[in-house]
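Asker: The structure under discussion is supplied below as structure tokens; questions concerning it will follow.
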Amino acid sequence: MTLTLEAGDLLQYIPGIMWVVDREMKCIAIVGEKFEEWKVDRNDIIGKMVAEINHEEPSGLNNMNHQKALSDREVSYQVTIGDEFLECKLRYLPEKELIVGVAIDVSKSLFLEEKLESQKREILEYSTPIVPVLDHAVVLPIVKKLTLEKVRYIQKQVVQGIYELKGIEYVIIDLSGVQRIDQSSHEAFQQLHTTLNLLGYQAIVTGIQKSTAMEIVRNGSQINADIVYPNLKEAVKSLLV
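First residue of the sequence shown: 33, per the working numbering; consecutive thereafter.
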């Protein structure tokens with residue numbers, strides 16, 4: 033079969049690796065810079081079946097997705113080759129009875145995403161320390177913004193750290209350093225309050241600034257707590273009695 037794709041058909045795809053197979057799943061064209069990295073001769077691939085190229089059975093991932101493209105027109109999936117992670121997209125061109133495939137190496141992007149997530153976790157951990165102030169009380173000083181992500185981190189990670197401490201009865205959540213409370217964090221804060229109560233802790237909130245209080249009122253929200261004090265000093269003083 034002679035391949036007669038117009039340039040426009042190819043230019044709409046980004047050729048990390050680009051290949052074309054016919055309805056019988058035979059590769060009739062393939063291009064891409066990856067072949068130099070992999071030290072693979074394209075001529076050794078052209079003319080072979082998809083399953084053979086990928087060293088898999090006809091029921092294998094790549095071959096089945098190519099078959100699926102005939103009915104679904106477009107198929108996306110991921111494959112791992114060595115330490116590389118490839119995002120693959122297939123598109124069936126019925127007027128030409130061909131499947132065009134593109135695979136892009138997203139390994140670096142995933143690495144950067146994982147690194148960014150790791151840095152976020154470190155920042156959250158650093159910005160939400162557990163500070164013991166009395167034998168039976170700890171303080172969670174929260175600074176800058178109270179976000180949904182930060183509240184969920186406290187609920188999943190920080191509460192576990194508190195639980196590992198012995199004799200704690202009160203958890204003081206100090207908001208004096210908070211400049212803004214995201215509206216999306218209110219429901220999560222309620223869940224945090226419930227979690228603390230279920231574990232047998234009294235939740236004390238301190239240091240809500242006037243601007244923050246006004247923001248809460250405007251949003252029609254609330255900060256759940258068992259006890260509220262204007263500042264941390266008053267809260268600690270009450271626990272000394």
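Idealized CB from N, CA, C, for every residue including glycine.
Is the stretch 131 to 139 close to the stretch 160 to 173, with three or more CB pairs under 8 angstroms?
Answerer: The stretch 131 to 139 is not in contact with the stretch 160 to 173.
Asker: Who pairs with A61 in a beta bridge, going by DSSP?
Answerer: Note: A61 sits in a beta bridge opposite V52.
Asker: According to DSSP, is G92 helix, strand or coil?
Answerer: Of the three classes helix, strand and coil, the one that applies to G92 here is coil, per DSSP.
Asker: So, using beta-carbon positions, are L197 and V170 closer together than 8 angstroms?
Answerer: Yes. Within cutoff.
Asker: I'd like the list of long-range same chain contacts for V260, defined as Cβ closer than 8 angstroms, with 5 residues on each side in sequence excluded.
Answerer: I236, V237, T238, I240.
Asker: From which residue to which residue does the beta strand (DSSP E) around Y185 run?
Answerer: It is not in any beta strand (DSSP E) - Y185 instead sits in the alpha helix (DSSP H) that spans 180 to 185.
Asker: With DSSP as the reference, identify every bridge partner of M81, one or two as the case may be.
Answerer: BP columns for M81 point to K58.
Asker: Out of K188, I200, I205, Q223, state which residue places its alpha-carbon closest to the alpha-carbon of Y233.
Answerer: It is I200.
Asker: Could you tell me if M57 is buried or exposed, where buried requires 16 or more neighbouring beta carbons within 10 angstroms of its beta carbon?
Answerer: Counting Cβ neighbours within 10 Å, M57 comes out buried, since at least 16 surround it.
Asker: Only counting the same chain, and skipping five residues up and downstream in sequence, which positions put a Cβ closer than 8 angstroms to that of L43?
Answerer: Reliability fails at L43, whose pLDDT of 38 lies under 50, so the model's placement of it is uncertain and the value that follows must be treated cautiously. Nothing meets the Cβ criterion.
Asker: By Cβ distance, which residues of its chain are closer than 7 angstroms to L180, with the 5 residues on each side in sequence left out?
Answerer: Here the set comprises D214, S216, S217, A220.
Asker: With A135 as the anchor, note down where its beta strand (DSSP E) starts and where it stops.
Answerer: Its beta strand (DSSP E) spans residues 130 to 137.
Asker: Quick one: using the 10 Å Cβ neighbour count with 16 as the cut-off for buried, is P173 buried or exposed?
Answerer: With 16 or more Cβ atoms within 10 Å of its Cβ, P173 is classed as buried.
Asker: If you follow the alpha helix (DSSP H) that T244 is in, where does it begin and where does it stop?
Answerer: Start and end: 242 to 250.
Asker: Out of curiosity, what's the CA-to-CA distance linking D104 and D54?
Answerer: Roughly 16 angstroms between the two C-alpha positions.
Asker: Measure the C-alpha to C-alpha separation of V82 and I248 and round it to an integer number of angstroms.
Answerer: Roughly 59 angstroms separates the two Cα atoms.
Asker: Three-state secondary structure (DSSP) at D258?
Answerer: Looking at D258 - three-state DSSP - the assignment turns out to be coil, as it is neither helix nor strand.
Asker: Just to confirm the assignment, what range does the alpha helix (DSSP H) spanning G193 have?
Answerer: Where G193 is concerned, the enclosing alpha helix (DSSP H) stretches over 191 to 196.
Asker: To the nearest angstrom, how far is it from the Cα of L178 to the Cα of L122?
Answerer: Each residue's Cα considered, the two are about 43 angstroms apart.
Asker: Closer than 7 angstroms to a non-hydrogen atom of the ligand ATP - does that hold for the CB of Y185?
Answerer: In the structure shown, the ligand ATP is absent, as is every other ligand, since no ligand is present at all.
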